Amino acid sequence: DAGVIQSPRHEVTEMGQEVTLRCKPISGHDYLFWYRQTMMRGLELLIYFNNNVPIDDSGMPEDRFSAKMPNASFSTLKIQPSEPRDSAVYFCASSLFPSGSYGYTFGSGTRLTVV
Amino acid sequence: SQELEQSPQSLIVQEGKNLTINCTSSKTLYGLYWYKQKYGEGLIFLMMLQKGGEEKSHEKITAKLDEKKQQSSLHITASQPSHAGIYLCGADSLKWGNTPLVFGKGTRLSVIA
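Structural data, given as structure tokens:
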């Protein structure tokens, strides 16, 4: 397996534009997580899915953020409209279980810069 | 909600020196996980600790769990440039692990020659 694949690796966009981040989890992993990393707040959980169903989106900062998982092999995180404070590294991770016991596999992240 | 505090926030050590990173939880630790992040890359799993007093080693990295103190430490012996990166601790917030991991803010380690 190629691991968790995220695209794009880098995204620079202007304030107000729509941004879509993509993630392909490891095949067979039932859980998918979206995290955001900033210097100030560290690694924060935004939302997670179980078998393509969103379980907890309480970490999503605002209505401008939305996430979908239309099938077991693909998820998107969308920001519309984007703002400079959304600049961060966004990670997708997948796992067999929500507990860390079976290990989370992280993607390489998408570095988003909103100017 | 559970919070993990890591110390120090950043660390610069000379190659060959030993160092320790600490992770303290605001609540009981049921499972503690150490990850390493190379600059510009994703997180790589290092070790898992689940029992009080447990100690694990991998190459020159040793992690311990002090359940009573709700704390874990990561010790690197004879540091090398390859150890440079961001070390993050993560924890299961519930005993039966049905919730995602919460993470500390990380400790940024630089190793200089």
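Those protein sequences? They're chains P and L, same order as listed. Heads up: the first sequence runs through residues 6 to 120, numbered per the numbering used here. Heads up: the second sequence runs through residues 378 to 490, numbered per the numbering used here. Cβ coordinates follow ideal geometry from the N, Cα and C atoms, glycine included. Quick caveat, the model's predicted, so the values are computed rather than measured.
Considering only L/Pro458, L/Glu392, L/Asp469, L/Gly393, the residue with the shortest C-alpha distance to L/Ser402 is L/Asp469.
Excluding residues up to 5 positions away in sequence, Tyr410 lie with their Cβ nearer than 6 Å to the Cβ of L/Met425 in the same chain. Non-local C-beta neighbours of P/Pro13 in its own chain, meaning closer than 7 Å and more than five positions away in sequence, comprise Thr115, ordered along the chain. In the structure shown, the three-state DSSP call for P/Gly112 is coil.
L/Ala461 is classed as buried because its beta carbon has at least 16 other beta carbons within 10 Å across all chains shown. Residues of the region 39-50 of chain P with a C-beta less than 7 Å from any C-beta of chain L: Gly47, Leu48, Leu50, listed in chain order. Between the region 40-53 of chain P and the region 23-32 of chain P, the count of C-beta pairs closer than 8 Å stays below three; the two stretches do not touch. Against chain P, the beta carbon of L/Leu406 has no neighbour under 8 Å; the closest one sits roughly 11 Å away. Within chain L, the residues placing a beta-carbon under 9 Å from that of P/Ser113 are Gly417, Glu418, Gly419, ordered along the chain. In the same chain as L/Thr439, and ignoring 5 residues on each side of it, the C-beta atoms closer than 6 Å to its own belong to His452, in chain order.
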